[in-house]
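Enquirer: Here you go, one structure.
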Amino acid sequence: MLRELFTNLFETLKTEKENDSVKKNGCFNFFIDKILEEKYHKINIVSTKTLTNYYNKYVESRKNNAGEPNNELKNIIAKYLGFKDYSDFENSCKKQQAPLTNNNPREEIIISKREVRSKKLSKENSNKKYKSKLIIISILALFPVSYFIYNHTTKNCIIWQENHFETSSCKNNNAIDNTIYKIDIDEFKKMEVDSDSQFFKNGDPLIWYGRSTTGKMEFFNQRGIHPETLRELDPITEYIINKYIFKEDEKTIQN
Numbered sequence: 002m003l004r005e006l007f008t009n010l011f012e013t014l015k016t017e018k019e020n021d022s023v024k025k026n027g028c029f030n031f032f033i034d035k036i037l038e039e040k041y042h043k044i045n046i047v048s049t050k051t052l053t054n055y056y057n058k059y060v061e062s063r064k065n066n067a068g069e070p071n072n073e074l075k076n077i078i079a080k081y082l083g084f085k086d087y088s089d090f091e092n093s094c095k096k097q098q099a100p101l102t103n104n105n106p107r108e109e110i111i112i113s114k115r116e117v118r119s120k121k122l123s124k125e126n127s128n129k130k131y132k133s134k135l136i137i138i139s140i141l142a143l144f145p146v147s148y149f150i151y152n153h154t155t156k157n158c159i160i161w162q163e164n165h166f167e168t169s170s171c172k173n174n175n176a177i178d179n180t181i182y183k184i185d186i187d188e189f190k191k192m193e194v195d196s197d198s199q200f201f202k203n204g205d206p207l208i209w210y211g212r213s214t215t216g217k218m219e220f221f222n223q224r225g226i227h228p229e230t231l232r233e234l235d236p237i238t239e240y241i242i243n244k245y246i247f248k249e250d251e252k253t254i255q256n
């Protein structure tokens, strides 16, 4: 089943929107950074080289010194593929393989991949339909108001200047329509943070973060959007503090 597991992992990673690589190293780097570390908060449980060796050994039948992946890694991969755990993945593969009579491993893998994609696409399509309805309703509701404001004033537009927003003409190429985002430009600021910064008050976050267009992690003093990407900022977490702010001897989560 490890052949099917790593085949499905590689093929699924190639379809991720945020992953711009179709090569093994790039896909497995994405899996470690975005899935293992950011999603599941699992740090240093496997390297890109080891994942590549697993794929070469179990999928391409190339001899190497890679052993068998541990249960924790197999369970996480299976969960990422849409299954409860590795046992659930195995059972699903066995059910798909039972009717086969030609004992073709390639066909078994394709069937298994088809089921993984079906589960993933079914969930994604359901979410997309729901979000599409909300977006359409929101647009229809906001259009009359937005149209009136846009045609009667330019004060609703803002532009980013170094570490803060300022009012701007809507004709400016980099202007943002603040009737959509409702940012308090007098309060919203980009900030520098270090180990002495106060991150929480009574358990509530005081800092939000997001990546710039170049991938740099940046921090802000309020909830809002990143001024370059326009993506919603996320509240600071202990994981982000340890990974991007604290030095090794200051970390509260040890690898």
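With my numbering applied, the sequence shown covers 2 to 256.
All C-beta atoms in this analysis are idealised placements derived from N, C-alpha and C, irrespective of residue type, glycine included.
(1) Which residue or residues does DSSP assign as beta-bridge partners of Tyr210?
(2) Give me the residue from Glu19, Thr180, Phe29 and Glu163 with the minimum Cα distance to Cys171.
(3) Excluding the 5 residues preceding and the 5 following Pro228 in the sequence, name in chain order all residues of the same chain whose CB lies nearer than 6 Å to its CB.
(4) Decide if the segment 41-49 is in contact with the segment 67-79; the criterion is three or more beta carbon pairs, one per stretch, under 8 Å apart.
(5) Alpha carbon to alpha carbon, how far is Phe247 from Tyr240?
(6) Can you tell me which of Phe201, Glu39, Lys190 and Phe11 puts its alpha carbon nearest to the alpha carbon of Tyr59?
(7) Please say whether Ile184 and Ile208 have beta carbons closer to each other than 8 Å?
(8) Pull up the DSSP beta-bridge partners for Phe166, would you.
(9) Identify, in the order they occur along the chain, each residue of the same chain with its Cβ nearer than 7 Å to the Cβ of His42, setting aside the five sequence neighbours on each side.
(10) Let me know if Arg4 comes out buried or exposed under the rule of 16 or more other beta-carbons within 10 Å of its beta-carbon.
(11) Report the partner residues of Asp34 according to the DSSP bridge assignment.
(12) Consult DSSP for Lys191 and reduce its assignment to one of helix, strand or coil.
(13) Is DSSP giving Lys75 helix, strand or coil here?
(14) Buried or exposed for Asn203, going by 16 or more other Cβ atoms inside 10 Å?
(15) Look at the alpha carbon of Met218 and the alpha carbon of Tyr131, and state the distance between them as a whole number of angstroms.
(16) Which one of Leu52, Ala142 and Asp187 has the shortest CA to CA distance from Lys24?
(17) Quick check: the Cα distance between Tyr182 and Leu234, rounded to an integer number of angstroms?
(18) Would you kindly check if the distance between the Cβ of Phe200 and the Cβ of Ile242 is under 8 Å?
(19) Can you tell me whether DSSP reads Asp205 as helix, strand or coil?
(20) Around the Cβ of Thr253, are there at least 16 other Cβ atoms within 10 angstroms (buried) or fewer (exposed)?
(21) Tell me the DSSP secondary structure of Asp178 in three-state form.
(22) With DSSP collapsed to three states, give me the class of Ile226.
(23) Less than 8 Å between the beta carbons of Thr238 and Thr214, yes or no?
(24) Using 8 Å as the threshold, is the C-beta distance between Ile36 and Tyr81 below it?
Expert: According to the structure data:
(1) Sequence index remark: in the sequence shown, residue 210 carries index 209 (1-based). According to DSSP, Tyr210 shares a beta bridge with Phe220 and Asp235.
(2) Here residue 171 refers to the residue found at position 170 when the sequence shown is read from its first residue. Among Glu19, Thr180, Phe29 and Glu163, the Cα nearest to that of Cys171 belongs to Thr180.
(3) The residue labelled residue 228 in the question sits at position 227 within the sequence shown. Taking Pro228 as the centre and dropping the five residues before and after it, the same chain places the C-beta of Trp161 closer than 6 Å to its C-beta, in chain order.
(4) The segment 41-49, when compared against the segment 67-79, does touch it at the 8 Å Cβ threshold.
(5) Working through the sequence shown from its first residue, we reach residue 247 at position 246. Working through the sequence shown from its first residue, we reach residue 240 at position 239. For Phe247 and Tyr240, the distance between alpha carbons rounds to 10 Å.
(6) Taking the sequence shown and counting its residues from 1, the one referred to as residue 59 is at position 58. Selected option, being the one with the closest Cα: Phe11.
(7) On the sequence shown, residue 208 is found 207 positions in, with the first residue counted as 1. On the sequence shown, residue 184 is found 183 positions in, with the first residue counted as 1. One thing to note: Ile208 has its Cβ no nearer than 8 Å to the Cβ of Ile184.
(8) Position 165 of the sequence shown holds residue 166. Phe166 is bridged to Trp161.
(9) Taking the sequence shown and counting its residues from 1, the one referred to as residue 42 is at position 41. Answer for His42: Tyr240, listed in chain order.
(10) Along the sequence shown, one-based indexing puts residue 4 at 3. Flag for Arg4 reads buried.
(11) One-based indexing of the sequence shown puts residue 34 at position 33. Asp34 pairs with nothing; no bridge assigned.
(12) Residue 191 sits at position 190 when you count from the first residue of the sequence shown. Annotated three-state conformation of Lys191 is strand, per DSSP.
(13) Numbered from 1 along the sequence shown, position 74 holds the residue referred to as residue 75. Helix, per DSSP.
(14) The residue given as residue 203 occupies position 202 in the sequence shown. Here Asn203 is exposed: its Cβ has fewer than 16 other Cβ atoms, across all protein chains shown, within 10 Å.
(15) For the purposes of this step, residue 218 is identified with residue 217 of the sequence shown, where counting begins at 1. For the purposes of this step, residue 131 is identified with residue 130 of the sequence shown, where counting begins at 1. About 31 Å.
(16) Stepping through the sequence shown from its first residue, residue 24 is reached at position 23. The residue with the shortest Cα to Cα distance from Lys24 is Leu52.
(17) Mapped onto the sequence shown, residue 182 falls at position 181. Mapped onto the sequence shown, residue 234 falls at position 233. Cα to Cα, the separation comes out at about 12 Å.
(18) Position 241 of the sequence shown holds residue 242. Position 199 of the sequence shown holds residue 200. In this structure, Phe200 lies closer than 8 Å to Ile242 by Cβ.
(19) Residue 205 sits at position 204 when you count from the first residue of the sequence shown. In the structure shown, Asp205 falls within a strand segment according to DSSP collapsed to helix, strand and coil.
(20) By one-based count along the sequence shown, residue 253 stands at place 252. Exposed, by the Cβ-count rule.
(21) Translated into positions along the sequence shown, residue 178 becomes position 177. Three-state result, Asp178: strand.
(22) Against the sequence shown, residue 226 aligns to sequence position 225. Correct three-state label for Ile226: strand.
(23) Position 237 of the sequence shown, counted from the start, is the residue given in the question as residue 238. Position 213 of the sequence shown, counted from the start, is the residue given in the question as residue 214. Taking 8 Å as the Cβ cut-off, Thr238 and Thr214 do not qualify as a contacting pair.
(24) Along the sequence shown, read from residue 1 onward, the residue named residue 36 stands at position 35. Along the sequence shown, read from residue 1 onward, the residue named residue 81 stands at position 80. Result yes, Cβ atoms of Ile36 and Tyr81 sit closer than 8 Å.
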